[in-house]
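If you read the sequence shown in the working numbering, its first letter stands for residue 66, the second for the next number, and so on.
Beta carbons are placed, not taken as given, at the ideal position from N, Cα and C, and that holds for glycine.
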Amino acid sequence: MKRKSIYKILFIVAVIVFLIIITLVLFAPTHVESNISVDMETPVDTKTPVKESQVGGLAIRFEEGVTEPEVKNILEKCNLNIYMLDYDVEDFADKYYIKVDENKRDELKKEENWNDPIYPEIPEPRFPEINKGNYYYILVSEEGLEDESFLKVMEKYNLQIKKFVWCYVRFEKSDDSKYWIPEKDALRIKNNLEMNETVLNVFPDYIDG
Numbered sequence: 066m067k068r069k070s071i072y073k074i075l076f077i078v079a080v081i082v083f084l085i086i087i088t089l090v091l092f093a094p095t096h097v098e099s100n101i102s103v104d105m106e107t108p109v110d111t112k113t114p115v116k117e118s119q120v121g122g123l124a125i126r127f128e129e130g131v132t133e134p135e136v137k138n139i140l141e142k143c144n145l146n147i148y149m150l151d152y153d154v155e156d157f158a159d160k161y162y163i164k165v166d167e168n169k170r171d172e173l174k175k176e177e178n179w180n181d182p183i184y185p186e187i188p189e190p191r192f193p194e195i196n197k198g199n200y201y202y203i204l205v206s207e208e209g210l211e212d213e214s215f216l217k218v219m220e221k222y223n224l225q226i227k228k229f230v231w232c233y234v235r236f237e238k239s240d241d242s243k244y245w246i247p248e249k250d251a252l253r254i255k256n257n258l259e260m261n262e263t264v265l266n267v268f269p270d271y272i273d274g
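Dropping the structure here:
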């Protein structure tokens, strides 16, 4: 009798569990609420274009010795001769350099502390380089020109200090009317100018705002 009672209790428990499971399956919600709210009221502005960066001029770094007529000729090939040119501008920071080929550059690297960072915590070379064709243009600061160890290396390798010719193209005409060009056009002009062997770098001058 006791065994039959146990079986009866187990059967009742099994039936109850089965009914609970069926209830949960049938009446469980099918829609899950998301925590992400979507703003359906504020309209999206698809008509106003994103403001494009504007360039008001170009700073161009040339090798030493380039003349103003040569600069104008280079600019004319990029249709920049209609704008105002400031030739041999002195306001730019990087003024001096030494020009070496790859072999000479490798020799300089062997010199002790030649191009170590000035500040150990800032891993930048003491003399940054520009690579153009088969040559390296090693930038020298005005402080470097007075450095004794630097001058000894210069004398040892018979190197000469040269001076960049900086030019600035202002996007304005002789009647004082001012212009600007989109960034994409400025970058295209930059790439075209830098294909010239005497042009080392071109830096777009962006208009604030």
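Original post:
Ends of the alpha helix (DSSP H) at glutamate 194?
Top reply: As a working mapping, residue 194 is identified with position 129 in the sequence shown. From DSSP, glutamate 194 is part of no alpha helix (DSSP H) but of the beta strand (DSSP E) over 194-197.
**OP:** Taking asparagine 199 as the reference, give the member of Glu262, Phe127 and Ile254 with the closest Cα.
**Re:** Residue 199 sits at position 134 when you count from the first residue of the sequence shown. Among Glu262, Phe127 and Ile254, the Cα nearest to that of asparagine 199 is on Glu262.
Original post:
Does the beta carbon of glutamate 259 come closer than 8 Å to any beta carbon on chain D?
Top reply: The structure shown contains no chain D; it holds only a single protein chain.
Original post:
Just to confirm, are tyrosine 271 and aspartate 151 a CB contact at a threshold of 8 Å?
Top reply: Taking the sequence shown and counting its residues from 1, the one referred to as residue 271 is at position 206. Taking the sequence shown and counting its residues from 1, the one referred to as residue 151 is at position 86. Result no, Cβ atoms of tyrosine 271 and aspartate 151 do not sit closer than 8 Å.
**OP:** Give a yes or no on contact between the segment 199-208 and the segment 160-168, applying the rule of three or more CB pairs nearer than 8 Å.
**Re:** Output reads yes: the segment 160-168 touches the segment 199-208.
**OP:** Give me the Cα-Cα distance between phenylalanine 268 and leucine 224, rounded to the nearest whole angstrom.
**Re:** Stepping through the sequence shown from its first residue, residue 268 is reached at position 203. Stepping through the sequence shown from its first residue, residue 224 is reached at position 159. Approximately 28 Å, taken between the alpha carbons.
**OP:** Report the three-state DSSP secondary structure of leucine 123 (helix, strand or coil).
**Re:** If you number the sequence shown from 1, residue 123 lands on position 58. Strand.
Original post:
How many angstroms separate the CA atom of glutamate 213 from the CA atom of methionine 219?
Top reply: One-based indexing of the sequence shown puts residue 213 at position 148. One-based indexing of the sequence shown puts residue 219 at position 154. Taking the straight line joining both Cα atoms gives about 10 Å.
Subject >> DSSP three-state assignment for proline 269, whether helix, strand or coil >> reply: One-based indexing of the sequence shown puts residue 269 at position 204. Under the three-state reduction of DSSP, proline 269 is assigned to strand.
**OP:** Kindly identify the DSSP beta-bridge partner or partners of glutamate 237.
**Re:** On the sequence shown, position 172 is the one that residue 237 refers to. Lys243.
Subject >> Cut-off 8 Å between Cβ atoms - residues of its own chain near glutamate 172, not counting five sequence neighbours on either side >> reply: In the sequence shown, the residue the question calls residue 172 occupies position 107. So the qualifying residues of the chain are Tyr222.
**OP:** Evaluate contact between the segment 228-248 and the segment 114-131, counting only Cβ atoms and requiring at least three cross-stretch pairs below 8 Å.
**Re:** yes
**OP:** Taking only the alpha-carbon atoms, compute the straight-line gap between tyrosine 148 and alanine 124 and give it to the nearest angstrom.
**Re:** For this step, residue 148 is matched to residue 83 along the sequence shown. For this step, residue 124 is matched to residue 59 along the sequence shown. Computed Cα separation, rounded: 13 Å.
Original post:
Would you call leucine 216 buried or exposed, if buried means 16 or more other Cβ atoms sit within 10 Å of its Cβ?
Top reply: Numbered from 1 along the sequence shown, position 151 holds the residue referred to as residue 216. So leucine 216 counts as exposed.
Subject >> Candidates Arg170, Leu140, Glu176 and Asp241: closest to lysine 255 by CA position >> reply: As a first step, residue 255 must be located in the sequence shown, where it is residue number 190. Among Arg170, Leu140, Glu176 and Asp241, the Cα nearest to that of lysine 255 is on Leu140.
**OP:** Measure from the alpha carbon of asparagine 146 to the alpha carbon of each residue in Glu237, Gly121 and Phe157, then state which is nearest.
**Re:** Numbered from its first residue, the sequence shown carries residue 146 at position 81. It is Glu237 whose Cα lies nearest to the Cα of asparagine 146.
Subject >> Cβ distance (whole Å) where phenylalanine 229 is taken to contact glutamate 129 below 8 Å >> reply: Counting from one through the sequence shown, the residue named residue 229 turns up at place 164. Counting from one through the sequence shown, the residue named residue 129 turns up at place 64. Phenylalanine 229 to glutamate 129, Cβ: 7 Å. Contact.
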